[in-house]
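According to the UniProt record's numbering, the sequence shown is numbered sequentially starting from 1.
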Amino acid sequence: MLWWERLEARLLAGDGSGAWAVVEAALVAGVSVEDIYTKVLSPAMVSIGDQWARGDLEIYYEHQASAIVGRIMGRLGPRFVGRGRTKGSIVVGAPQGERHGLVVSMVADLLRQRGWEVFDLGADLPAQSFIAAVKNTPDVVAACVSVTSPSARDAACELIAALREASGDAVPIYVGGAAVLSAPDAEELGAHGWASNVDVLVGLLEQG
Ligand code: B12
Numbered sequence: 001m002l003w004w005e006r007l008e009a010r011l012l013a014g015d016g017s018g019a020w021a022v023v024e025a026a027l028v029a030g031v032s033v034e035d036i037y038t039k040v041l042s043p044a045m046v047s048i049g050d051q052w053a054r055g056d057l058e059i060y061y062e063h064q065a066s067a068i069v070g071r072i073m074g075r076l077g078p079r080f081v082g083r084g085r086t087k088g089s090i091v092v093g094a095p096q097g098e099r100h101g102l103v104v105s106m107v108a109d110l111l112r113q114r115g116w117e118v119f120d121l122g123a124d125l126p127a128q129s130f131i132a133a134v135k136n137t138p139d140v141v142a143a144c145v146s147v148t149s150p151s152a153r154d155a156a157c158e159l160i161a162a163l164r165e166a167s168g169d170a171v172p173i174y175v176g177g178a179a180v181l182s183a184p185d186a187e188e189l190g191a192h193g194w195a196s197n198v199d200v201l202v203g204l205l206e207q208g
């Protein structure tokens with residue numbers, strides 16, 4: 001059984017300590033913290049989402065799994081520390097109406113480990129407040145917008161336009177998440193760039 005399948009079984013059983021035990025066992029077996037996020041937590045959540053969408057699971061399983069995964073991320077978060085001098089600050093968040101916030105924190109931790117100081121604004125943030133966060137963040141090198149729900153795309157578009165206007169286009173805005181399918185799609189939302197995952201985003205950020 002793969003690690004993510006073992007985790008999924010514990011999540012569906014509502015077994016928080018068992019879920020943490022799977023993560024600890026994976027870490028001991030040499031799985032990196034990044035891979036715990038992208039190859040263990042994420043696929044387990046995607047699979048639970050698919051089963052809910054097929055009508056095979058009550059929605060409470062998804063909520064329960066989200067609560068457990070949030071706690072696991074709380075325990076793993078401090079392990080995502082970048083080494084050396086900071087590469088600058090990045091603000092990461094989701095537009096108003098976008099409730100998928102676990103993934104925002106995942107992106108934040110993965111970027112933190114790659115050497116940026118990251119400010120995680122979580123889910124469902126009104127555009128004006130996102131702008132205030134970017135303005136109040138010293139040495140900001142990028143703003144990242146995560147969009148998982150297709151229904152939040154309009155809000156993402158408005159947020160990105162407002163952010164561009166407020167910064168006089170000085171802060172590059174990158175967009176990602178399951179509801180943004182391609183670079184042209186991201187361009188349509190008004191972003192400066194699109195990344196399918198954090199590794200691709202790091203490439204874009206390092207190109208400048
Ligand atoms: C947990 C969950 C919820 C929780 C969220 C809890 C939380 N605190 O986050 C709750 C219960 C709130 C929820 C609500 C809903 N959900 Co939901 N949810 C999920 C679920 C199961 C997991 C989400 C998750 O964390 N995925 C794991 C992440 C890590 O995966 P990922 O997207 O691959 O992320 C990677 C990349 O996309 C990328 N990335 C993401 N953002 C960014 C940003 C940048 C800048 C970059 C570079 C990269 C990047 O990096 C990540 C790491 O590699 C998904 C299933 C799924 N397939 O993801 C459904 C899912 C996303 N939800 C879905 C739906 C339909 C809903 C609801 C509309 C249901 C309803 N009727 O109420 C609501 C509405 C939400 C809203 N308005 O936002 C559908 C969306 C389908 C669609 N295309 O329309 C999904 C796909 C389930 C399904 N299979 O149908 N949900």
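We put the beta carbon where it would ideally sit given N, CA and C, even for glycine. Quick caveat, the model's predicted, so the values are computed rather than measured.
Between the ligand B12 and the CB of residue 159, the shortest heavy atom gap is not smaller than 7 Å. Cβ-Cβ distances below 7 Å link residue 70 to 102 in the same chain, with the five nearest sequence neighbours on each side left out; the list follows chain order. Shown here, residue 169 sits in coil according to DSSP, grouped into three states, outside any helix or strand.
Runs of the alpha helix (DSSP H) lying entirely within the UniProt domain "B12-binding N-terminal" (1 to 88), each at least 4 residues long, are 3 to 12, 16 to 28, 42 to 53, 59 to 76 in chain order. A Cβ-Cβ separation of about 6 Å places residue 147 in contact with residue 153 under the 8 Å criterion. Of the candidates 114, 122, 151, 22, the residue whose Cα lies closest to the Cα of residue 180 is 151. Our two residues, residue 50 and residue 43, have alpha carbons roughly 10 Å apart in a direct line.
In this structure, DSSP gives residue 121 a state outside helix and strand, which the three-state scheme calls coil. Boundaries of the beta strand (DSSP E) around residue 141: 140 to 146.
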